[in-house]
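Novice: Take any residue in the sequence shown, count from 1 to its spot, add 90: that is its number in the numbering used here.
Where is the CB? At the ideal position from N, CA and C, for every residue including glycine.
Mind looking over this structure? Questions follow.
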Amino acid sequence: MKIYVPKYYKNFKCIADRCRHSCCIDWEIDIDEKTYEKYMALDTDFGKDLIGNIESCGEDRYFKLSECGRCPNLDERGLCKIILTLGEEYLSDICRLYPRFFNDVGERREVGLGLVCEEAVKIILDDCEPFELALEEETSETSELPEFNPIPKRDALLALIGERGKSLSQKLSAIEDEYLVSVDIHTEKEWLGILSELEILDPEWKNILKNSVSGQESDVSRFDVYFERFLTYLIFRHVTQAVSYDNFRARVGFVSLSVKLVRYILARESNLTKERIFDIIRLYSSEIEYSEDNTADLIFEFEAGLAHLGATENDKKDEKTQKTINEPKIIV
Numbered sequence: 091m092k093i094y095v096p097k098y099y100k101n102f103k104c105i106a107d108r109c110r111h112s113c114c115i116d117w118e119i120d121i122d123e124k125t126y127e128k129y130m131a132l133d134t135d136f137g138k139d140l141i142g143n144i145e146s147c148g149e150d151r152y153f154k155l156s157e158c159g160r161c162p163n164l165d166e167r168g169l170c171k172i173i174l175t176l177g178e179e180y181l182s183d184i185c186r187l188y189p190r191f192f193n194d195v196g197e198r199r200e201v202g203l204g205l206v207c208e209e210a211v212k213i214i215l216d217d218c219e220p221f222e223l224a225l226e227e228e229t230s231e232t233s234e235l236p237e238f239n240p241i242p243k244r245d246a247l248l249a250l251i252g253e254r255g256k257s258l259s260q261k262l263s264a265i266e267d268e269y270l271v272s273v274d275i276h277t278e279k280e281w282l283g284i285l286s287e288l289e290i291l292d293p294e295w296k297n298i299l300k301n302s303v304s305g306q307e308s309d310v311s312r313f314d315v316y317f318e319r320f321l322t323y324l325i326f327r328h329v330t331q332a333v334s335y336d337n338f339r340a341r342v343g344f345v346s347l348s349v350k351l352v353r354y355i356l357a358r359e360s361n362l363t364k365e366r367i368f369d370i371i372r373l374y375s376s377e378i379e380y381s382e383d384n385t386a387d388l389i390f391e392f393e394a395g396l397a398h399l400g401a402t403e404n405d406k407k408d409e410k411t412q413k414t415i416n417e418p419k420i421i422v
């Protein structure tokens, strides 16, 4: 298996106690079986403390958070006592790998950084270089290529985004037109209503959605470079997970929706700054990307329309021609 990472990947390092949105607070911290066995083998007072702070639910084990939602292994400075006492090799998989994500397609694995992490947001959205994947490692692991391989179409989308001379709006329109999807199946305010009905983890997100419904729009085009990098990230992460052509199209719809909604929300912020853009994108990632149900619900909005339309890759060209002649611009 060949393992690929974005070129910016090597720049990531946890900022620990300097992080304003610690992943050690208000997040369930699972403990994998191998790490649990290592903890059980510790014959020290610290080892006993570790075991005493673990709760179980069936076969699942996780650290019991404090009333303030803090991991019991987080000290008063915001540093991890496991790392300080035992070293990083004693971290559970979820702590060791966060905020990384993994997409496997046949004998190809792509590893990325998730925008739920504020340091990853800075690295990804501040990266001025064209997006490029680099071969990081090659292993002996083998796997069969799936029936649907999203990589060629995904790479074509990334190449389109990388084209110069086109605005963000033009690129989004080109993507939607190519795959016959559009966010216009709902108005912006209807989409905000749908988001407000999903699982909400942070009360701030609910307030942002509420305020965006009535806020006055301002011009945010000067910040489109950050929205374009957000778009590239979403294509890299979510479109690569497609398991069929129609699922690919639905994920394209989800990606376009995400960029347009975040841009819509930020266009209604007063005194907008780069830092605020980064924070809202991080919050969107936390609320939508890191809730599997929320992501699935939004993708389903497009899948349901595609199923009704009955489109396939083979008849896409005929459908597109028919759509141009007989239908309004948006039908999914």
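Between the beta-carbon of S376 and the beta-carbon of F238, is there less than 9 Å?
Specialist: No, the pair does not count as a contact, with Cβ atoms beyond the cut-off.
Novice: Alpha carbons only, please: which of L285, D139, E127 is nearest the one belonging to S348?
Specialist: Per the Cα distances, L285.
Novice: Excluding five sequence neighbours on each side, which residues of the same chain lie with their C-beta closer than 6 Å to the C-beta of E278?
Specialist: Closer than 6 Å at the Cβ level, and outside the excluded window around E278, lie Y354.
Novice: Look at the alpha carbon of C218 and the alpha carbon of Y129, and state the distance between them as a whole number of angstroms.
Specialist: Approximately 43 Å between the Cα atoms of the pair.
Novice: What residue from V345, I367, K261 has the CA that sits closest to R386's CA?
Specialist: Note on identity: in this sequence residue 386 is Ala, with Arg being the wrong assignment. Closest by alpha carbon: V345.
Novice: Distance check for E289 and F192, CA to CA, integer angstroms please.
Specialist: Cα-Cα distance, rounded: 24 Å.
Novice: Between which residues of its own chain and A401 is the CB-CB distance below 8 Å, once the five residues before and five after are set aside?
Specialist: Here A401 scores only 49 on pLDDT, less than 50, and its place in the model should not be relied on; the value that follows carries that caveat. Excluding sequence neighbours, A401 sits near L270, D336, R339, E409.
Novice: When the Cα atoms are used, what is the spatial distance from D116 to L203?
Specialist: The alpha-carbon atoms of D116 and L203 are separated by roughly 20 Å.
Novice: Go to A224, then tell me how far its beta strand (DSSP E) extends in each direction, as first and last residue.
Specialist: Start and end: 223-228.
Novice: Can you grab the Cα-Cα spacing for the pair K59 / E200, in whole Å?
Specialist: Since the first and last residues shown for the chain are 91 and 422, residue 59 lies out of range.
Novice: Between the Cα of C170 and those of I121, D150, S112, I141, spot the shortest distance and give me the residue it belongs to.
Specialist: Out of I121, D150, S112, I141, S112 has the C-alpha closest to the C-alpha of C170.
Novice: Between which two residues does the beta strand (DSSP E) harbouring D69 extend?
Specialist: No statement about residue 69 is possible, as the shown extent of the chain runs from 91 to 422 and does not include it.
Novice: In whole angstroms, what separates the C-alpha of E253 from that of L132?
Specialist: Taking the straight line from one Cα to the other gives about 55 Å.
Novice: Tell me whether L396 sits in a helix, a strand or coil according to DSSP, three-state version.
Specialist: Residue state, collapsed to three classes: helix.
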